[in-house]
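Protein chains in written order, with the UniProt record's numbering: chain A, 1 to 339; chain B, 1 to 339.
Shown next, in structure tokens, is the structure this report addresses.
In structure tokens, the structure reads:
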């Protein structure tokens, strides 16, 4: 797929109708890139009041964009495509973009950040503002309307806890992927379930309802076929898809499945506690309150919980950039009237 | 790399000197394919007495041949090359081969076995005997001079326990790879050590000497660089290479490292117990004795242990085929005199 990056031509933009898009309107792209899927929203740079939902012009969905999981070039391809699709749907072109907030899982180190910043500046004009963050940041912003304060816990295919203080300090826990022990993640839960089936079959562990349920779900006839199944495709999301089976078995009273979920909850809680403790989010007297946002399939399974999310994480990412752009505009035009 | 399989030409054989090899001599290839490396030996079909070492004409070494780890075509390529190199070194051609015992990690299911049998019969003449087994079988045979009786525990990059009764029943435990919980393996030990470093850094776990030692070994400056390091290369053996660091830290008194090793030992023991129990190797009164063979870097680290190995596993594999061929010969020539 050939595309000119700095110039006027970008393959993904070709089909934009000539009639689309507001003339001089400025846009923000908010992107939430997880290990299961990647969502991009397109928001206009216009003020809105807090009792209204943020305006979203377009939304596009793509697959995994975690470079640790699918490799760097596939991750980049996915990010470019989903942004182009959101722009296309909004009927605007790349030149309308004022700011981009890319919040992607797998961004763990300044070098990850710099690599993404480099290719963003290769695509967009030099006056576009970029924010490149771990996807946990979008998730936090989704519960705080773009403000970075509090703690967020993500538990989807992967898991991470991320926190920000009001004065800009930050801390994280977990988010290191399956090899490095993210046992509270969907992947971790499902891998433990698969392991329990193998242990039971070997004679190393108790019998469990998981054997029957997992084999049925995967249409396999014997636990030793799980080995081939597991290594046939290294995608983390494919393993994590088994989480609902574990939840069903636990709900049906299976002790092994229940212990797996209990252990996952303890792991998730310990990640949140580590972040809250390091940032002192509870204040000196231990009584200060702070937003706690919880995101991801593993946590959203129980619909009775108030998990604190107000908008979807991609919108959270867009709001983060929106807050910055609006603040900058206010500084430049101090007497502007929003009503 | 083009090669004619059934015909007389096999690319790997080209350089065999015309003068080499005994005229009508028959050979056995014994192959031990692990996740770290693959060894092939070439043995003549001649009798030898039990107080002599088995005669080995040639020995060749190659990399990983576990198809779950490197993929099927790379695994097959490695197996073919190492066999060709052993033949070349012995100065004999493929047509001298009477039997092949291929014991490879990752052979877990009849379909794995069949796939390898299919391509073996594509390379060798139709009257060659093939034995395709998990590499645990070669390891057991290495302690019993080719006889399949007793229990073997392998703990190298991966781990598996395998057992055979004298009447031919078999059982295994573990050997399901890292995702499926082989925590007694070198990979499992090293992954737990890496996880401990991350947990300590996050504030989720106690401080450990492992942080300093692992970062020093990998020439990294901060624990968050471990995430990129871990996922940059998915090879299991690369992770397992950290085992000596864990052993050193435990020997220096680090509690975290010691707990990791203790847990690994418990896991390994539980695999052996499961196999022994299922096969009833201790007999009805629980007092019967049986060979217990232990193989692999994790177990061979302590040189004071008697781990029961008499020859290397590749020779064990060759002996397994050798026993079969000699027995068959004796049946066909009942009055043959070995002296």
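Note that the Cβ used here is the ideal one computed from N, Cα and C, for glycine as well.
Under the Cβ distance rule, residue 235 of chain B does not count among the residues neighbouring chain A, no pair being separated by less than 7 Å. Counting only the Cα atoms, residue 121 of chain B lies some 35 Å from residue 276 of chain B. Annotation: residue 258 of chain A to residue 30 of chain B spans about 46 Å, alpha carbon to alpha carbon. Using a Cβ-Cβ cut-off of 8 Å, residue 173 of chain B is close to 202, 203, 204 of chain A, given in chain order. Look at the segment 207-234 of chain A: the residues with a C-beta under 8 Å from a C-beta of chain B are 224, 225, 226, 227, 228, 230, 231, 234.
For residue 239 of chain B, the three-state secondary structure derived from DSSP is helix. The Cβ atoms of residue 293 of chain A and residue 152 of chain A lie closer than 7 Å to each other.
Taking C-beta atoms under 8 Å as the contact rule, residue 108 of chain B and residue 118 of chain A fail to qualify, at a distance of about 44 Å. CA-CA distance, residue 210 of chain B to residue 271 of chain B, rounds to 27 Å. Our two residues, residue 85 of chain A and residue 56 of chain A, have alpha carbons roughly 14 Å apart in a direct line. At a beta-carbon threshold of 9 Å, the residues of chain B lying near residue 109 of chain A are 222, 224, 225, 227, 228, ordered along the chain.
Taking 7 Å as the cut-off, the Cβ atoms of residue 245 of chain B and residue 217 of chain B count as close. Residue 143 of chain A is classed as buried because its beta carbon has at least 16 other beta carbons within 10 Å across all chains shown.
Here residue 169 of chain A carries a coil assignment [DSSP, helix/strand/coil]. With a cutoff of 7 Å on beta-carbon distance, residue 145 of chain A and residue 319 of chain A are scored as near each other. Here residue 44 of chain B carries a strand assignment [DSSP, helix/strand/coil]. CA-to-CA, the gap between residue 181 of chain A and residue 160 of chain A works out to about 11 Å. Contact between residue 226 of chain A and residue 198 of chain A holds: CB atoms are separated by about 6 Å, below the 8 Å threshold. Looking only at B:309, B:204, B:110, the smallest Cα-Cα distance to residue 268 of chain A is reached by B:204.
If you draw a straight line from the Cα of residue 62 of chain B to the Cα of residue 126 of chain B, it is about 26 Å long. Residue 203 of chain B carries a coil assignment under DSSP once its states are collapsed to helix, strand and coil. Residues of chain B whose Cβ lies closer than 9 Å to the Cβ of residue 194 of chain A are, in chain order, 176, 179, 180, 181. Cβ neighbours of residue 132 of chain A within its own chain (closer than 6 Å, five residues either side excluded): 102, 113, 116, 117. In summary, the residues of the segment 264-290 of chain B whose CB is separated from some CB of chain A by less than 9 Å are 267, 270, 271, 273, 274, 275, 277, 278, in the order they occur in the chain. By the rule that beta-carbons nearer than 7 Å mark a contact, residue 160 of chain B does not touch chain A. Residue environment analysis places residue 80 of chain A among the buried positions, since at least 16 neighbouring C-beta atoms fall within 10 angstroms of its C-beta. Contact note: residue 191 of chain B reaches chain A through 179, using a C-beta cutoff of 7 Å and chain order. Assignment of beta-bridge partners to residue 294 of chain A by DSSP yields A:153. A direct Cα-to-Cα measurement between residue 94 of chain B and residue 78 of chain A gives close to 49 Å.
The three-state reading of DSSP puts residue 122 of chain A in helix, counting H, G and I together. Among the CB atoms of chain A, none fall inside 7 Å of the CB of residue 134 of chain B. Chain-ordered, the chain B residues with CB closer than 9 Å to the CB of residue 68 of chain A read 227, 228, 230, 231, 232. If you draw a straight line from the Cα of residue 40 of chain B to the Cα of residue 229 of chain A, it comes to about 29 Å.
For residue 260 of chain A, not one C-beta of chain B is nearer than 7 Å to its own C-beta.
Excluding the 5 residues flanking it on each side, residue 240 of chain A has same chain C-beta neighbours closer than 6 Å at 157, 186, 187, 190, in chain order. Residue 198 of chain A reaches chain B at 176, 180, 181, counting residues in chain order whose Cβ is nearer than 7 Å.
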